[in-house]
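First comes the structure, then the notes that go with it.
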Amino acid sequence: MKKRIAHIAGGLTTGGVEAVIYNYFSKIDRKDYELYYITYDTPDPAVKKKFEDIGFHVYEVTKKKENLKKSCKEVYTILKENHINIVHSHMTLMSFVTSFLGKLCGIKVRIAHSHLALYPTGIKKPVYAFFKFCTRVTSTDYMACGKKAGEYLYGKANMKNGRVRIMNNAIDTEKYAYNEEIRNKKREELQIGDRFCIGHVGRFAEQKNHAYLIDIFYEVHKKKEDAVLLLVGDGPLQEDVKARVHQYGLDDAVIFAGSRDDVGELYQAMDLFVLPSLFEGLALVLVETQCAGLRILVSDAVTDEIKMTDRMEYLPLHDKKVWVNKILSMTEEIKEENLALRSRGREEVAKSGYDIMTEAKKLDRFYEKRLEGRR
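Heads up: the sequence shown is residues 1460 to 1834, going by our numbering.
Right, dumping it as C-alpha cells:
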C-alpha cells in the first residue's frame, strides 16, 4: 500500500523539527511514499526547495490564531483531497487539532509527536493539561524525541507501558564528523583566524535565551579579548540581540551568520558550543555538536537524556558568573587539547542510536506495520 503521509509542523525553516523530518526522509526509500508537508507559517524558500527535491508537496495554511475555522478547513481539505492515510503531527500540545481533523477524514493512523517539555504555571497549567488530554484521546499513536518529552505530553504511565514510541533525533553522522580541513577553510572564510570561537546555533526566539548568552559573552570578552561569538540562525528577536551586542560594544566580536545550509561545517570552526536554553525537548543541535566532537556547555533546563559523550557539561541558569568562569577556565584547556579527540564524537553518537541510516529503516517499518493494522 502506498504510504500517503502528511507531516504537520508550525514552520518550515532551518529549525530542529524540520531538520529531523528531512534527515529521516532523505534516507528512507521513498518509492512507496507520497509525502506532504503542511506548515502554518511562510516557508523559507531554500528549505522548501530542499523538501520538494526529496518529493514533498508543501502547503502553507492560515495560522490558527488568525482564523481557526479557516485554518482547520484548509488542513481538512488537504488531508481529504490527497487521500492521506497517515497524519503525523509535530505540533506537540496542539496535535489534537490535527488528529481530530484526521479522524474526521477517516484517517486510521494519527500520530502525535512530542518534541519538547514545558512546565507552565498559573492559568496555562489547566489549559495545557486539557490540550494534552485531547491529544491523547484523538491520536492513535504516540511518539516523542525522548523520555521527558514523552512523559510531558502522554504521562508517565504511557511511557512505562510502552505506548510511546521514541523516535531519536538521528543525524547523518558522516556529515557532522570532525574534519580539520573543513575547520581551517571555515575559520578563514569567517575571518576567525586563531581567535577562540564560541558558537551557538538556534532560532532567535525566547526559548534560546540569546540575551543571556550575550551577557555571558560580554563578561568573557572583557577578560579574553581574542574571543569571538558565532551566532547561526534567524528569527523574530534577531534585531533585539543585535542591539544588545551594539550596546555592549561587541560588534567586532560577534558574527551573525544568518540561516545557513552549511551548519555541519560551521561546527568544525567552533572551539566551544554554548546552549543556555530556557527549555528544550531533545535538542537536535546537541546531537550534531557531540558528533562534531565539540566541548559543550548547556543549561540544566535541558534533559540529560541527550548526553552521549563526556564533552558536554550542564550549568545552572540562575548564576551567570558560573558560566563566565567556566568558559574562561575552558579556553586554555581547549587550546592545549589535541584536536584528534574530536574525531571520537561520531562513533559515540552512532553507538547511542542516533545514526540516521539505522533509525530511518525503523521508522519505515513502523509506518508499514501501522498501515497493515499492526503495532
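We treat Cβ as the ideally placed atom computed from N, Cα and C, and that holds for glycine.
Same chain only: Cβ atoms within 7 Å of residue i, ignoring 5 sequence neighbours per side
| i | result |
| --- | --- |
| residue 1538 | 1465, 1546, 1560, 1561, 1564, 1566 |
| residue 1616 | none |
| residue 1685 | 1654, 1655 |
| residue 1634 | 1723 |
| residue 1783 | 1675, 1678, 1679 |
| residue 1485 | 1513 |
| residue 1774 | 1756, 1758, 1759, 1781, 1782, 1785 |
| residue 1460 | 1830 |
| residue 1501 | 1519 |
| residue 1704 | 1673, 1710, 1713 |
| residue 1639 | 1798 |
| residue 1642 | 1727, 1728 |
Unbroken beta strand (DSSP E) run spanning residue i, endpoints
| i | result |
| --- | --- |
| residue 1509 | Premise fails: residue 1509 lies in the alpha helix (DSSP H), 1504-1512, not in any beta strand (DSSP E). |
| residue 1487 | Segment: none, residue 1487 is in no beta strand (DSSP E) and carries neither H nor E. |
| residue 1774 | 1771-1774 |
| residue 1657 | 1655-1660 |
Selected residue, minimal CA-CA separation from residue i, among the options
| i | options | result |
| --- | --- | --- |
| residue 1511 | 1615, 1528, 1477 | 1477 |
| residue 1626 | 1801, 1785, 1483 | 1483 |
| residue 1514 | 1489, 1651, 1770 | 1489 |
| residue 1553 | 1535, 1582, 1517, 1469 | 1469 |
| residue 1587 | 1731, 1613, 1508 | 1613 |
| residue 1494 | 1788, 1523, 1544 | 1544 |
| residue 1720 | 1700, 1682, 1504 | 1504 |
| residue 1548 | 1600, 1674, 1577 | 1600 |
| residue 1812 | 1786, 1682, 1675, 1632 | 1632 |
| residue 1729 | 1657, 1676, 1806 | 1657 |
| residue 1737 | 1557, 1575, 1498 | 1575 |
| residue 1595 | 1604, 1717, 1583, 1609 | 1609 |
| residue 1826 | 1492, 1791, 1471, 1659 | 1492 |
| residue 1532 | 1557, 1794, 1502, 1771 | 1557 |
| residue 1745 | 1661, 1507, 1498, 1535 | 1661 |
| residue 1518 | 1497, 1528, 1526 | 1497 |
| residue 1732 | 1770, 1780, 1642, 1806 | 1770 |
| residue 1694 | 1717, 1704, 1628, 1713 | 1717 |
| residue 1462 | 1542, 1620, 1473, 1701 | 1542 |
| residue 1765 | 1792, 1472, 1682, 1810 | 1810 |
| residue 1814 | 1628, 1605, 1620 | 1628 |
| residue 1821 | 1467, 1471, 1487 | 1487 |
| residue 1725 | 1479, 1659, 1818 | 1659 |
Enclosing alpha helix (DSSP H) for residue i [first to last residue]
| i | result |
| --- | --- |
| residue 1788 | 1779-1795 |
| residue 1641 | 1639-1648 |
| residue 1634 | 1632-1635 |
| residue 1817 | 1815-1830 |
| residue 1665 | Counting along the chain, residue 1665 falls outside any alpha helix (DSSP H), and DSSP gives it neither H nor E. |
| residue 1808 | 1804-1810 |
Contacting residues, own chain, Cβ-Cβ under 6 Å from residue i (five flanking each side not counted)
| i | result |
| --- | --- |
| residue 1749 | 1767, 1768, 1804, 1808 |
| residue 1734 | 1757 |
| residue 1475 | 1743 |
| residue 1607 | 1576, 1762 |
| residue 1667 | 1661, 1736 |
| residue 1707 | 1677 |
| residue 1829 | 1568 |
| residue 1772 | 1756 |
| residue 1579 | 1587 |
Sequence-distant residues of the same chain with beta carbon closer than 8 Å to residue i, five excluded per side
| i | result |
| --- | --- |
| residue 1802 | 1636, 1637, 1752 |
| residue 1697 | 1663, 1715 |
| residue 1590 | 1552, 1553, 1555 |
| residue 1709 | 1673, 1676, 1677, 1680, 1688 |
| residue 1779 | 1671, 1674, 1675, 1678 |
| residue 1520 | 1497, 1498, 1499, 1530, 1533, 1534, 1537 |
| residue 1593 | 1555, 1559 |
| residue 1776 | 1668, 1671, 1735, 1737, 1758, 1759, 1760 |
For residue i, the residue or residues it bridges with in DSSP
| i | result |
| --- | --- |
| residue 1498 | 1468, 1519 |
| residue 1623 | 1601 |
| residue 1493 | 1463 |
Residue-chain proximity (residue i, chain C), Cβ-Cβ < 7 Å
| i | result |
| --- | --- |
| residue 1685 | You won't find chain C in this structure, because it holds only one protein chain. |
beta-carbon residue i near the ligand ATP non-hydrogen atom, thresh 6 Å
| i | result |
| --- | --- |
| residue 1778 | This structure lacks the ligand ATP, and indeed carries no ligand of any kind. |
Which full runs of the alpha helix (DSSP H) of 4+ residues lie inside the stretch 1530-1613, going along the chain?
DSSP runs (the alpha helix (DSSP H)) wholly in the stretch 1530-1613: 1554-1563, 1583-1597, 1606-1613.
Complete beta strand (DSSP E) runs within the stretch 1676-1758 (minimum length 3 residues, chain order)
Runs of the beta strand (DSSP E) inside the stretch 1676-1758: 1686-1691, 1713-1717, 1731-1734, 1754-1758.
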